[in-house]
Every structure is written in C-alpha cells, then in structure tokens.
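Visitor: First to last, the sequence lines map onto chains A and B.
In terms of the working numbering, the first sequence opens at residue 67 and continues consecutively.
In terms of the working numbering, the second sequence opens at residue 67 and continues consecutively.
Every residue, glycine too, gets a C-beta built ideally from N, C-alpha and C.
Got a structure for you, written out below as structure tokens; questions coming shortly.
Protein chains: 2
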Amino acid sequence: MYTYPKPLEKLITELSKLPGIGGKTAQRLAFHILSLRDDDAYALSAAVAGAKKDMKYCSVCGNLTDVDPCALCSDAGRDKSIICVVESPRDVAAIERMREYKGLYHVLHGAISPMDGIGPEDINLAQLIVRLRESDEVREVIVATNPNVEGEATAMYAARLIAPSGIKVSRIAHGVPVGGDLEYTDEITLAKAIGGRREIG
Amino acid sequence: MYTYPKPLEKLITELSKLPGIGGKTAQRLAFHILSLRDDDAYALSAAVAGAKKDMKYCSVCGNLTDVDPCALCSDAGRDKSIICVVESPRDVAAIERMREYKGLYHVLHGAISPMDGIGPEDINLAQLIVRLRESDEVREVIVATNPNVEGEATAMYAARLIAPSGIKVSRIAHGVPVGGDLEYTDEITLAKAIGGRREIG
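Now the structure itself:
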C-alpha cells in the first residue's frame, strides 16, 4: 500500500501525538507545513526546540520562565507579603490577565490526587514551606487551586501544613460565576455561593 | 502587563499561524510541548524541519517525495500507459487509499483560477505535455481535478492541450456520492448523475 514518504509520515505521526490533533488534522497541518516558505517552517521547528530548551522552572516559585528567578519573583514592584498558590503556570497567566493581583505566586505543578497516585510529595509543596520559613515578609497565602476534588484536597492539605507558621491561609471564593445563570448552576456551587454571601449596601 | 516568557510566547505565536489553530489552542499545545520529555519535543521539532528539508517534488510527476523520481514513478509494477492528473499530493494519497488505480500520476499543484490570478502557466501543466511527448507508452490521461469551477476549467484546458497528441483524455465521473442522499443532492450533481447514467442488468 502507498504510504507517504518517510519524512512526511514522521511529521504526521509527531503532530498527531499533540492533544486534540487527530490523524486528519495532523495530515492537514503537515501539508500546510510543507507548503510554508523554508524560513517559516524552520521558525516553527526552532520555536518548538527553543521553548523546550530555554524554558525552565523558577527556582523560587516554580513558574515557567526563561530567567531564574522569574520576572514575577524578581519584580521589585510586587507585594512580597502575599503568595498565591496555583496548580499550573497557566493559572498564573490567567490571574495575571485580570491585572488586579500584585503579589507573588507559587506553582504546585499538579494537585494531590490519590486516585492518580499523586501525593503531597509529588507536587511543589515542600518548596512552598521552605519559602515561607525563609521569608519574614509573607503575611498571607491565597490557595487558588482548581475548584474540584483534587484542588480542594490540596488546599486543605496546604492549609494544615502552613498553619503552624501562623501565616494566614485563604481560599478563593466559590460561587456563581459572573454572567452565569442561577437556574443552571449546580447545587454545590449554589450552596457555596449562599454560604459565602456578603452583606451589601 | 504580564506576558509569557519570550521562548514560550514565540512558540505560541508560531503555532497559532497553523491553519485551524487559534490563540487558545496554540497556548494549550505550547504548554503540552513544554510538558513533554526532551526527546519527544525535539522529535517534533526535528520532524518539522526534517519534512521541510527532505521533502521535494518529483521531477517527473510533481508529487511530494523524499527520493527523485518518486516511489510511484519508479515502481516497475505500475501501469505506465495511464496517467491520472490531480491538483495536489493529497489527491494522490486519496486515490492510492482506494487501492484500485495502478497507473501513474501527475500533480498540477493547483488549478487554473483567473479570479486568483492563477493561469495555465502557474501550474505544473507544461511538464505534463513534455512528459506525454517524451513517452510513447501513455494511452490515456484521466483528469481528476476537483469537481468545482477551477477544476473543470483546468480539465477542459488540459484536454484541449493534450488533444493534438491523439492520447485519450477522460474526466472522472460526476454523480451522487455513494452513501449520499438523493434528497439532499444539489441540482447540478443530480443532473450530472442522470446525464452520466449507465445501463445495468
């Protein structure tokens, strides 16, 4: 049976390993890449290798960075008294996009999940405790792990771990998302939204 | 405002240039690539560069290949008396997938499209004429360009160009696709299907 020439076959195979890219899409992308000008194709190739080569984790907060410590950790304008704990570098980007939080971060690279065999020692938690012990500036740790079972478990565990230091630990609020619809909100979220109600006016 | 570190930003930019890959998908893919083992990420990078470097067009038929002439042109088992003319290497792959056609191919790399400023001299047609002139084996040329305005125009043009050589020129049949639904077939296709009817039984 006719198969594509090796280099093309190889490209299709590698592309189809990417999440959400099936065989057909991989073929379409591969042909597109072949149709690019040399420069553009090599730029893509170099970007893949370059990102993998030059990106590392910040030795302080664990965020993805090309310089160590990362731009956020070494930014003198950030409020060093507050650390926001998140599961992934993508969460850092999400929080930064809202342009309101001015503190530091700590990236766990995962959440505690016994089902998947991920325990507290498998995520970047120990480094957080070291960090809190070595700094006398931190006043509050906001745990912004995901609002799911693993995220909650991680938040509880982190809170207990930090408690002895006397540093305040808070959890991001659960509630009805802005623009959401009460009618379609699940019971647990609704219960949390009512439980977390605030006085107004 | 916080932006991703340069190498990551660059990767997202390059990925989002691919067809059907928007900003969000590019971010997801970029983070996935960063999470790969070094080997796997470099394999992807090498596959992109390698495909671009090693793939060329067959000097005989114009198909994508890593050796020249391509595997199909140099296959002694193929029927050299018949050439199937297609618009793109993807069409070759499609026809090969049905495992019935045993002749050779000729890839035009496009179709005549005055609207897009693509004339007969912009596609790989002249080479087809040279090929027909130099071979005394070819008995038939099947024009399998796409069944749209550009494909039809190209087929007509090719047929007129080949006519003086006395070689038979045929066009793939238009009709109702197998598994299709008469009710939802457009009028032109239906007219072609009826016009091209064959006696059975």
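At the 8 Å Cβ level, is isoleucine 148 (chain B) part of the contact set with chain A, yes or no?
Guide: As a working mapping, residue 148 (chain B) is identified with position 82 in the second sequence. Chain A, which has no Cβ nearer than 8 Å to the Cβ of isoleucine 148 (chain B), makes this no.
Visitor: Check each candidate in A:Glu166, A:Ala192, A:Gly183 and name the one with the smallest Cα separation from histidine 172 (chain A).
Guide: Counting from 1 along the first sequence, the entry for residue 172 (chain A) is found at position 106. Checking every option, the nearest Cα to that of histidine 172 (chain A) belongs to A:Ala192.
Visitor: Thinking C-alpha only, which one of A:Ile148, A:Asn214, A:Asp134, A:Glu75 is nearest valine 168 (chain A)?
Guide: Taking the first sequence and counting its residues from 1, the one referred to as residue 168 (chain A) is at position 102. In the sequence on display, residue 168 (chain A) carries lysine and not valine. It is A:Ile148 whose Cα lies nearest to the Cα of lysine 168 (chain A).
Visitor: For the alpha helix (DSSP H) containing serine 82 (chain A), list its first residue and its last residue.
Guide: Start at 1 with the first residue of the first sequence, and residue 82 (chain A) comes out as number 16. Here the alpha helix (DSSP H) through serine 82 (chain A) covers 72-82.
Visitor: List in chain order: all unbroken beta strand (DSSP E) runs of 3+ residues lying wholly within the segment 167-205 of chain A.
Guide: DSSP runs (the beta strand (DSSP E)) wholly in the segment 167-205 of chain A: 169-173.
Visitor: Just tell me which of B:Ile99, B:Ile161, B:Gly245 has its CA closest to the CA of leucine 110 (chain B).
Guide: Taking the second sequence and counting its residues from 1, one reaches residue 110 (chain B) at position 44. When only C-alpha atoms are compared, the closest one is B:Ile99.
Visitor: So if I threshold CB-CB distances at 9 Å, which residues from the segment 107-128 of chain A count as touching chain B?
Guide: The residues in question are Ala107, Tyr108, Ala109, Leu110, Ser111, Ala112, Ala113, Val114, Ala115, Gly116, Ala117, Lys118, Lys119, Asp120, Met121.
Visitor: Could you tell me the distance, in whole angstroms, from the CA atom of tyrosine 250 (chain A) to the CA atom of valine 244 (chain A)?
Guide: In the first sequence, counting from the first residue as 1, residue 250 (chain A) sits at position 184. In the first sequence, counting from the first residue as 1, residue 244 (chain A) sits at position 178. Approximately 13 Å between the Cα atoms of the pair.
Visitor: If you drop the 5 nearest sequence neighbours on each side, which residues of the same chain put their C-beta closer than 8 Å to that of alanine 229 (chain A)?
Guide: Working through the first sequence from its first residue, we reach residue 229 (chain A) at position 163. If we look at alanine 229 (chain A) and ignore the five residues flanking it on each side, its Cβ neighbours are Val235.
Visitor: With DSSP as the reference, label isoleucine 266 (chain B) as helix, strand or coil.
Guide: One-based indexing of the second sequence puts residue 266 (chain B) at position 200. Isoleucine 266 (chain B): coil per DSSP, three-state reduction.
Visitor: Return the CA-CA distance between leucine 194 (chain B) and valine 204 (chain B), expressed in angstroms with no decimal places.
Guide: Position 128 of the second sequence, counted from the start, is the residue given in the question as residue 194 (chain B). Position 138 of the second sequence, counted from the start, is the residue given in the question as residue 204 (chain B). Leucine 194 (chain B) and valine 204 (chain B): Cα-Cα distance of roughly 11 Å.
Visitor: What span of residues does the alpha helix (DSSP H) with serine 101 (chain B) cover, start to end?
Guide: Counting from 1 along the second sequence, the entry for residue 101 (chain B) is found at position 35. Where serine 101 (chain B) is concerned, the enclosing alpha helix (DSSP H) stretches over 89-101.
Visitor: Tell me where the beta strand (DSSP E) around arginine 237 (chain B) begins and ends.
Guide: Numbered from its first residue, the second sequence carries residue 237 (chain B) at position 171. Arginine 237 (chain B) -> beta strand (DSSP E) spans 234-237.
Visitor: Among all the DSSP beta bridges, which residues are the ones paired with lysine 122 (chain A)?
Guide: Taking the first sequence and counting its residues from 1, the one referred to as residue 122 (chain A) is at position 56. Paired residues: A:Thr131.
Visitor: Nearest chain B C-beta to threonine 131 (chain A) closer than 8 Å, yes or no?
Guide: On the first sequence, residue 131 (chain A) is found 65 positions in, with the first residue counted as 1. For threonine 131 (chain A), the answer is yes, since a Cβ of chain B falls inside 8 Å of its Cβ.
Visitor: Scan the segment 145-169 of chain A and note each continuous beta strand (DSSP E) run of 3 residues or more that stays entirely inside, going in chain order.
Guide: Qualifying beta strand (DSSP E) stretches, in chain order: 145-152.
Visitor: Between the segment 131-141 of chain B and the segment 125-143 of chain A, can you find at least three pairs of beta-carbon atoms closer than 8 Å?
Guide: Taking 8 Å as the limit for Cβ pairs, the verdict is that the segment 131-141 of chain B does not touch the segment 125-143 of chain A.
Visitor: Nearest to glutamate 166 (chain B) by alpha carbon, out of B:Ala221, B:Asp145, B:Glu75, B:Glu200?
Guide: On the second sequence, residue 166 (chain B) is found 100 positions in, with the first residue counted as 1. Measuring from the Cα of glutamate 166 (chain B), the nearest candidate turns out to be B:Asp145.
Visitor: Buried or exposed: serine 154 (chain A), going by 16 or more other Cβ atoms within 10 Å of its Cβ?
Guide: What you label residue 154 (chain A) is simply residue 88 of the first sequence in a count that begins at 1. It counts as buried.
Visitor: Is there contact between the segment 111-119 of chain B and the segment 105-121 of chain A, where contact requires at least three CB pairs shorter than 8 Å?
Guide: Touching, per the Cβ criterion.
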